[in-house]
Each structure stands twice: as structure tokens, then as C-alpha cells.
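Working notes for the structure below.
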Amino acid sequence: MGKIYEPSLPKLMEAIATEARGMKGLDRRNFLKGGIAAVAGLASVQIIPKASASPNLPPNLPKWQSHLGPGVVSKPYGEPAEFEDLQRRTVPWLTVDAASSISMTPLQDLEGIITPSGVVFERYHGGIPNVNPEQHRLIIHGLVERPLVLTMDDLRRFPSVSEIRFIECPANGGMEWRGAQMEALQFTHGMLACCEWTGVKLSTLLAEVGVKPDGKWILAEGADAAGMSRSIPLEKALDDTIIVWGQNGEALRPEQGYPLRMLNPGWEGNTSVKWLRRLEIGDQPWHHREETSKYTDLMPDGRARRFTWVQEANSVITSPCPEKPLKQSGFVEIRGFAWSGRGKIKAVDISFDGGVNWERTELKGLVLPKALTQFSYRTTWNGQPWLLQSRAIDETGYVQPTLKQLRDERGGWSIYHKNSIHTWNVMENGDVFNVQIS
Amino acid sequence: MFRFLRLIPLVLVMTFSVIVSAGPLGIGSVATPEMIAGWDIDVRPDGTGLPDGVGSVAEGEGLYEAKCASCHGLFGEGEGRWPVLAGGEGTLDTLHPEKTVGSYWPYASTLWDYIHRAMPYTAPQSLTDDETYSISAYVLYLNDIVDDEFVANRETFARVKMPNEENFYVDNRPDSKNERCFENCADPKAFEIVTTINGLTPTGHFKEDSGVAANHYDGNPSAASESGISKVKNDTKIVLSDKANLGKGVYDMACQACHNPGIAGAPKTGDKAAWVSRIDQGMDVLNGHAINGYQGADGVMPAKGGNMSLSNDDVINAVAFMVELSR
Numbered sequence: 010m011g012k013i014y015e016p017s018l019p020k021l022m023e024a025i026a027t028e029a030r031g032m033k034g035l036d037r038r039n040f041l042k043g044g045i046a047a048v049a050g051l052a053s054v055q056i057i058p059k060a061s062a063s064p065n066l067p068p069n070l071p072k073w074q075s076h077l078g079p080g081v082v083s084k085p086y087g088e089p090a091e092f093e094d095l096q097r098r099t100v101p102w103l104t105v106d107a108a109s110s111i112s113m114t115p116l117q118d119l120e121g122i123i124t125p126s127g128v129v130f131e132r133y134h135g136g137i138p139n140v141n142p143e144q145h146r147l148i149i150h151g152l153v154e155r156p157l158v159l160t161m162d163d164l165r166r167f168p169s170v171s172e173i174r175f176i177e178c179p180a181n182g183g184m185e186w187r188g189a190q191m192e193a194l195q196f197t198h199g200m201l202a203c204c205e206w207t208g209v210k211l212s213t214l215l216a217e218v219g220v221k222p223d224g225k226w227i228l229a230e231g232a233d234a235a236g237m238s239r240s241i242p243l244e245k246a247l248d249d250t251i252i253v254w255g256q257n258g259e260a261l262r263p264e265q266g267y268p269l270r271m272l273n274p275g276w277e278g279n280t281s282v283k284w285l286r287r288l289e290i291g292d293q294p295w296h297h298r299e300e301t302s303k304y305t306d307l308m309p310d311g312r313a314r315r316f317t318w319v320q321e322a323n324s325v326i327t328s329p330c331p332e333k334p335l336k337q338s339g340f341v342e343i344r345g346f347a348w349s350g351r352g353k354i355k356a357v358d359i360s361f362d363g364g365v366n367w368e369r370t371e372l373k374g375l376v377l378p379k380a381l382t383q384f385s386y387r388t389t390w391n392g393q394p395w396l397l398q399s400r401a402i403d404e405t406g407y408v409q410p411t412l413k414q415l416r417d418e419r420g421g422w423s424i425y426h427k428n429s430i431h432t433w434n435v436m437e438n439g440d441v442f443n444v445q446i447s
Numbered sequence: 028m029f030r031f032l033r034l035i036p037l038v039l040v041m042t043f044s045v046i047v048s049a050g051p052l053g054i055g056s057v058a059t060p061e062m063i064a065g066w067d068i069d070v071r072p073d074g075t076g077l078p079d080g081v082g083s084v085a086e087g088e089g090l091y092e093a094k095c096a097s098c099h100g101l102f103g104e105g106e107g108r109w110p111v112l113a114g115g116e117g118t119l120d121t122l123h124p125e126k127t128v129g130s131y132w133p134y135a136s137t138l139w140d141y142i143h144r145a146m147p148y149t150a151p152q153s154l155t156d157d158e159t160y161s162i163s164a165y166v167l168y169l170n171d172i173v174d175d176e177f178v179a180n181r182e183t184f185a186r187v188k189m190p191n192e193e194n195f196y197v198d199n200r201p202d203s204k205n206e207r208c209f210e211n212c213a214d215p216k217a218f219e220i221v222t223t224i225n226g227l228t229p230t231g232h233f234k235e236d237s238g239v240a241a242n243h244y245d246g247n248p249s250a251a252s253e254s255g256i257s258k259v260k261n262d263t264k265i266v267l268s269d270k271a272n273l274g275k276g277v278y279d280m281a282c283q284a285c286h287n288p289g290i291a292g293a294p295k296t297g298d299k300a301a302w303v304s305r306i307d308q309g310m311d312v313l314n315g316h317a318i319n320g321y322q323g324a325d326g327v328m329p330a331k332g333g334n335m336s337l338s339n340d341d342v343i344n345a346v347a348f349m350v351e352l353s354r
């Protein structure tokens, strides 16, 4: 009896793996779990215990070492290993239609400060236009000496820059103004990404067209169905705005504005207009829909803040987090990201008791202005519950506020710019939950 | 802005060639007044950018009902979860603020600009200037900002004052002042710990038996044809005709917004019960309704889904696609 299954076990595993390959993420995981459980069940009945371990484990020779793998350019454009589950995800009930919606970056799975282009969070108001770069044009006009129309080839002739900068939707965390709602880091903080962006400084383009003395504002407009438009003050444009065509070493992804977008480092993502087709120089702001109806912050007295551009200092612990519970007692490196739209991160502190006492963490890797910055704290966990928090301090001396401090100022209905200290509740069994302390 | 350029193109072209000298790097070509005029669609609170044209509340009513009400509701109240456009006065400082054109928007120019550039949602930049004046006037009327006699043109529209204009002020952050304290910074006895409500978030990708499996846009199949329509297709193993295959792209572009979720009375694609008696009418009736639009018992089907740039054949192909999936 037992003999029937023994030789076929690896085959069965392989069959399960092959079938799972065609599935994505969730399906694959559940399928694998089910499949492996079934096999394990067979194994425990049919197979002597020693053989129940993977045939690829020492002292056995792993199967991938016993034959040749695929050769070069078997995949001219590579993709993540089939075992990885790196995905943008969304919370479908947040919006009414996918063409004006948001998906989030899987921060829990990121290694280092660069977000791979394929999982950078998405936010559109009219879907992703399919823009042909040969037919794409950028027109610069208005209060200028020389109105210009530029092709992509023209743009690439300008002196270029490459900068690593974060981009964040001002609604990041905005679902939690009035209470903890999201059960995962990807949804509490994932409207955030950090990439290397390549393009021409807007100040270079403005010198080329020659801004007239009364030119003080710039309308940036997209070539998407929403005709996305925002007013940008000239000071920002002359400071660090980039007109971007490259992202992480290749052309922008369609979701990120291919072939051309604006990037206003440190400012709310919506100002970084994608699929950029037009820049008009004027003497006043335009007060368009995305800077009046949306992206203004309603205060408890019924009045509202406008032009709330900067993303203030923020931080979050990415390991552990709900998606990455603690699995072992003993040594643990607590890791996370901090970022500030006002410049560099100066320090990040960590609390294990919900903000009563704080310790300094170590910043690691690159510490760049307006970029994700990694922090690390080494400690030991022996099953004690934690109320884990992180607190960022940026180079202006700004200290990331508590949720109570923010609510005292802004009430619970301002939607945008919720950058408060975040709390993970680590349980005795290592599971991690999103909680709020008030 | 600078729409007057259109009126005097000759003079301008001449001045142009005189004043234009190359920039410091000499890259790019001159943007001609014609090019600029086509793309320069923005409108500002002082009325700059409003074009010639005219439209009344009365004309706006019919246009709004045909092109907007299926999503935004007959009175701007919003169908289902689509945006609410009217009401909410006096709610902004309450615990249930309702931000609408009337209760929140500081400038009427924003309404003209936005409707003209982005609405109707499925057919942006399809409205004429006159239609935009009429519909904007009607939305203002729904908000009690103008009366039913109002006729909008460049002058009258620029004079409209919005009730909430004075209640906006420029960002005054940083507002909160936290200190970098290290010991006894809070009183743990006063802590109130609020936990997450389970089941609101997709968690199937990391929690076993979470019961909330969706991790893509499954709640609303209009997300991507992948997760929506083609799933219907796979489940039922339908082989599409050539016509229907051609229609799929049109459908994704111009019809799915209403027919995937089945909003505002639109029969859901793939919902056999909703389609059986419709299909019985015959393809000619269905095609006619889709091309010319009609008011049915369940709601308004706008002509060509509101996208007048589609050819009749495009629409007929899309109908074939919908019918084949719904039979």
C-alpha cells in the first residue's frame, strides 16, 4: 500500500507547484497550503519520518542543482521569482470605480529604500491613458517670452538630473482619522513609494521659455481622462521640481505617468501631475477642483486649509507589522521607514510601551532629503506584549506628532495629512495588530 | 486663458515671428497660438479662460438629466456611491460634514472648468462650451446659488459668488507641537486603546481563514477587464463572436462604468435575469437604444454611453459583447 505513494510524492509536489504557477498571490498561497497539507497528510501516513522533509534539504541534493536551468534571455524582461508574492493591493470599498481609485505599495515586503516600479502605489482620477511617446507633447506657454512645444526627444536633450525621492498621497493613513480601521501595514501606510527619478529640472525648462516678471504660478495639466490640473507656485518650480521621464533606471511606468510627469519632491503626490502635457505660467493660482473640492483640509470650525502641499515627517515600523508577525523569540531587529517632505530625517525614536518611554534607533543606509530612510533597533523578544511605536524627527527639528495632538488641532474630518505616530500591538504569540492609543 | 488669441490670429502670428528668439539652449519649437488655443482649456476665478457661449438653467436641466443624473442623481444627491453634487449647507462644522459644490466649493469657475475637462466621467471633454454653460448653471441652480431664470455667459458666470468662499485659508502648518521626550512622556493609566474592526480590510494574503479574501478590486468588477468581465467569461466558457471581440475594447472604455457594477438602473453585464427580456426585444431595438439613448423604466441610458466620438458600429459591437456575455 504505502509503496504506491512513496515514489510519486515528489511528482505530486511538482504537479501542485506547476498548477499553482498559473495562479496569482492569494489563490496560489491557499492552493499551496491545501496542496501541501494534502501531501503532508499522505507523507505522514505513507512515508518514514526521515523522508517527510523536503528532498531538496541537506543532505539531499536539491533538484535545481541536478540539471541545467533556462539560459540567457529566456525572459528578455525579467520578473520576480515565482515564489514571491509582491503585489499592489487595494481596499475595494474605498472608492466607487477603479478608474478613479487607489492601490497601495506592499511596504511590508520591501527591501531597502527603493520601491520597485511595478508595485508603486497607484492613484488616478480617470484611469491610465495609453500615451504614445512619439505623439506626446509638452506645451509651455502663458506669461513667457517663448512659448514652446517639446517632444520627448527635445526633452531628453536638456541637461538631466537623477534624484531618489519619496512620493506619497496626502490621503495616506486618512482612513484612520477617527479610528483604527485597516488590518495591514499595506493599507495603513502604503500610499507611499520611493524611487530614483530622472528628468530635467523645471527651472531649466523655465529658463528656456523665459518667465515674464509677473509670472508667479504654474498650471500643470495631465493628458489623462481627468485632465488632472494643479497650480504650483513658481518658488517650488525654481527650487526642486523635476519633469520626469525615467523611474528606477527605465522609462516611467504607464501607471506613473508615462512618458512624462511632474515630480514635486516632498509635496503631496497629487501635485506631481502625471502624463504631463501642458505648463501654463500665470500670475494667480487657478483654484481647480483638485485644490478646492479635494486636497483641502476641513477643520473642526468648518473652515478649510488650502495649498497644504508639504508631507510632514512620518514614520512606521515595517517589521514586525500585521503582515510580518514575530515568529521566534530571541533576537529581533525592529525595522522601519521614516520620511519628511521638509528634508532629511535626523533621528527616529522607538517606544515599546505606547509612548511612555522612548529609545533612540540607528539610521541605516542612505539618508537622503525627501526620501525613505531606514531605521533599525536591535533587541530581544521573549513573548512580552508590546505597544510598538516609532517617532521621526527631521532636520528642521519637527517631531512627528501623536494622534491626539493632531486630532486636537484638526478634528477628525480633514482626510489628508495624517502623519501621526502609529501603534502596533505585538501580542504574546507574536501576532501584530493595528491599534490606536488616545 | 488667452482665448482671445483665436480672434486675432493674423496679428499674433506676425508679432510672434518678431518677438520669438531662441532660448539659452535653443531646444524645442515655437508653440503656435493655434496649438495653444486647442489645449488651453483652463478657467480661473476671475473669469479668465471662460469662452464665448451661453447656456441657461432651463437648457441645463435636460442635458443634466441625460448626461449626468445617472451617476449624480436627478437632484445632485448622488446615485449609489457616486459623488453628491448638491446639498450639505451648514454641515461643515458638524460631525457629519457634507462637502458639495454648494456647501464647500469656493469658486464657480472651478465648476465650469471641471465639468468641461472631466465630465461626463466616461466621455471627458465631449461637452460643447454652450452645454457646459447650461449644465454648470443647472448644477448651481440645484445648489440654490442661482435661480431658474439664470442664463450663463462669460460675464454672468464670472460674477457668481459661492457661499463658502471666505472659509478657506492658506496652510498654516506646522500646527501640532510634539516634543522629543524620552521618559514618562505619557500616562499609561489614561490610555484608551482602540483596536481595528475585523473584516473591513482584505487580509486573505497574510491571514489564514480571514474570511476577507479580496486583495484586488473584486468588490467592483469594473476594475480591470481581467478581474471583471473576463472572469465572467471564463466561468461560463463563452466563446465570443468576432463582433463581440471587437466590442470588448469599446465596452471597457465607454460602457463598463455603468454596466459592470449595474449602477443607476443599468443592467449588469453577465446578469442573465436582468437581460433576458431585453434580449427578447431583438438586436435592432437594443442597438437603437444604445446608439440613440433612451429613458427606460430603470433609468437613463445615455446615447452611446455618453461618448459621442464612438461610431455606430463601435456601439453595435459593444452591444454584441454585452449580449453574448449575458445570454
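From first to last, the protein sequence lines stand for chains A and B. Adding 9 to a residue's 1-based position in the first sequence gives its number in the numbering used here. Adding 27 to a residue's 1-based position in the second sequence gives its number in the numbering used here. C-beta atoms are modelled at their ideal positions from N, C-alpha and C, and glycine is treated no differently.
Using alpha carbons as the reference points, say which of the options lies closest to residue i.
| i | options | result |
| --- | --- | --- |
| S203 of chain B | A:D106, A:S447, A:G421, A:T411 | A:T411 |
| A150 of chain B | A:A234, A:F130, A:R315, A:G121 | A:A234 |
| P168 of chain A | A:N139, A:E217, A:N181 | A:E217 |
| A217 of chain B | A:F384, A:A401, A:G363, A:E437 | A:G363 |
| V130 of chain A | A:R286, A:T114, A:L288 | For clarity, residue 130 of chain A is Phe in the given sequence; the question names Val instead. Residue A:T114 is the option with its Cα nearest to F130 of chain A. |
| I326 of chain A | A:S360, A:A313, A:P309 | A:S360 |
| W395 of chain A | A:A380, A:E120, A:V441, A:E185 | A:V441 |
| K373 of chain A | A:V365, A:Q337, A:T382 | A:T382 |
| C95 of chain B | B:I290, B:K295, B:L313 | B:I290 |
| G326 of chain B | B:S353, B:K295, B:L267 | B:K295 |
| H232 of chain B | A:V100, A:S126, A:N279, A:M237 | A:V100 |
| A347 of chain A | A:S399, A:D310, A:P309 | A:S399 |
| A301 of chain B | B:L154, B:R354, B:G100 | B:R354 |
How is the beta strand (DSSP E) around residue i delimited, first residue to last?
| i | result |
| --- | --- |
| R239 of chain A | 238-242 |
| T389 of chain A | 382-390 |
| W139 of chain B | That residue, W139 of chain B, is in no beta strand (DSSP E); its alpha helix (DSSP H) goes 135-145. |
| W284 of chain A | Premise fails: W284 of chain A is in no beta strand (DSSP E) and is neither H nor E. |
| W433 of chain A | 432-435 |
| E172 of chain A | 170-177 |
| V253 of chain A | 251-256 |
Please work out which residues of its chain come closer than 8 Å, Cβ to Cβ, to residue i, disregarding the five sequence neighbours upstream and downstream, and give them in chain order.
| i | result |
| --- | --- |
| W276 of chain A | K245, W318, V319, Q320, G350 |
| D223 of chain A | L152, D292 |
| E192 of chain B | P133, Y134 |
| I111 of chain A | T99, L103, T104, F130, E131, R132, C178, A180, M200 |
Please confirm if residue i has its CB atom under 8 Å from at least one CB of chain E.
| i | result |
| --- | --- |
| V220 of chain A | Absence of chain E from the displayed structure is noted, the protein chains being A and B. |
In its own chain, which residues sit with a C-beta less than 7 Å from the C-beta of residue i, not counting the 5 before and 5 after it?
| i | result |
| --- | --- |
| F102 of chain B | A113, L169 |
| T197 of chain A | G182, E185, M191, H431, N443 |
| Q117 of chain A | L194, Q195, T327, C330, E332, K333 |
| Y321 of chain B | M328 |
Return yes when at least one heavy atom of the ligand FAD lies under 7 Å from the C-beta of residue i, else no.
| i | result |
| --- | --- |
| F340 of chain A | By its list of ligands, the structure shown contains no ligand whatsoever, and the ligand FAD lies outside what it can speak to. |
If I'm right that residue i touches residue j with Cβ under 8 Å, what's the distance once you round it to whole angstroms?
| i | j | result |
| --- | --- | --- |
| K283 of chain A | R262 of chain A | In fact, because the Cβ distance is near 10 Å, the residues do not count as touching under 8 Å. |
| P329 of chain A | W433 of chain A | 7 Å |
| G76 of chain B | V158 of chain A | About 20 Å separates the two Cβ atoms, so there is no contact after all. |
| L377 of chain A | I173 of chain A | 5 Å |
| W206 of chain A | V140 of chain A | 18 Å between Cβ atoms; not a contact. |
| T13 of chain B | A189 of chain A | The structure shown does not extend to residue 13 of chain B, since chain B is modelled only from 28 to 354, so the question has no answer here. |
Excluding the 5 residues preceding and the 5 following residue i in the sequence, name in chain order all residues of the same chain whose CB lies nearer than 6 Å to its CB.
| i | result |
| --- | --- |
| T462 of chain A | In the structure displayed, chain A extends from 10 to 447; residue 462 of chain A sits before or after that span and is not available. |
| G313 of chain B | Note on identity: in this sequence residue 313 of chain B is Leu, with Gly being the wrong assignment. If we look at L313 of chain B and ignore the five residues flanking it on each side, its Cβ neighbours are V346. |
| I446 of chain A | G363, T432 |
Could you give the first and the last residue of the continuous alpha helix (DSSP H) run that contains residue i?
| i | result |
| --- | --- |
| E61 of chain B | 60-66 |
Taking contact to mean at least 3 C-beta pairs separated by less than 8 Å, is the segment 235-251 of chain A in contact with the segment 78-86 of chain B?
Counting C-beta pairs with one atom in each stretch, the segment 235-251 of chain A and the segment 78-86 of chain B have fewer than three that are closer than 8 Å, which means they do not touch.
Is there contact here, the segment 376-390 of chain A with the segment 337-346 of chain A, by at least three beta-carbon pairs under 8 Å?
These segments touch.
Using 8 Å as the threshold, is the segment 274-283 of chain B in touch with the segment 341-348 of chain B, meaning 3 or more CB pairs across them?
Cβ pair count under 8 Å is three or more, so yes.
Indicate whether the contact test is met: 3 or more Cβ pairs, each with one atom in the segment 400-407 of chain A and one in the segment 156-168 of chain A, closer than 8 Å.
With the cut-off at 8 Å, the segment 400-407 of chain A and the segment 156-168 of chain A do not touch.
Is it the case that the segment 325-338 of chain B contacts the segment 280-288 of chain B, given that we only count it when at least three CB pairs across the two stretches are under 8 Å?
Contact holds: three or more Cβ-Cβ distances are below 8 Å.
Flag this pair as touching only if the segment 101-108 of chain A and the segment 246-254 of chain A have three or more C-beta atom pairs under 8 Å; answer yes or no.
The segment 101-108 of chain A, when compared against the segment 246-254 of chain A, does not touch it at the 8 Å Cβ threshold.
Contact between the segment 135-145 of chain B and the segment 294-302 of chain A is defined here as three or more beta-carbon pairs at a separation below 8 Å; is this criterion met?
The segment 135-145 of chain B and the segment 294-302 of chain A touch, with no fewer than 3 CB-CB distances between them shorter than 8 Å.
Counting beta carbon pairs with one atom in the segment 170-185 of chain B and one in the segment 113-131 of chain B, are three or more of them shorter than 8 Å?
Output reads yes: the segment 170-185 of chain B touches the segment 113-131 of chain B.
Pairs of beta-carbons, one from the segment 175-189 of chain B and one from the segment 58-78 of chain B, closer than 8 Å: are there three or more?
The way I'd put it, the segment 175-189 of chain B does touch the segment 58-78 of chain B; three or more beta-carbon pairs between them come closer than 8 Å.
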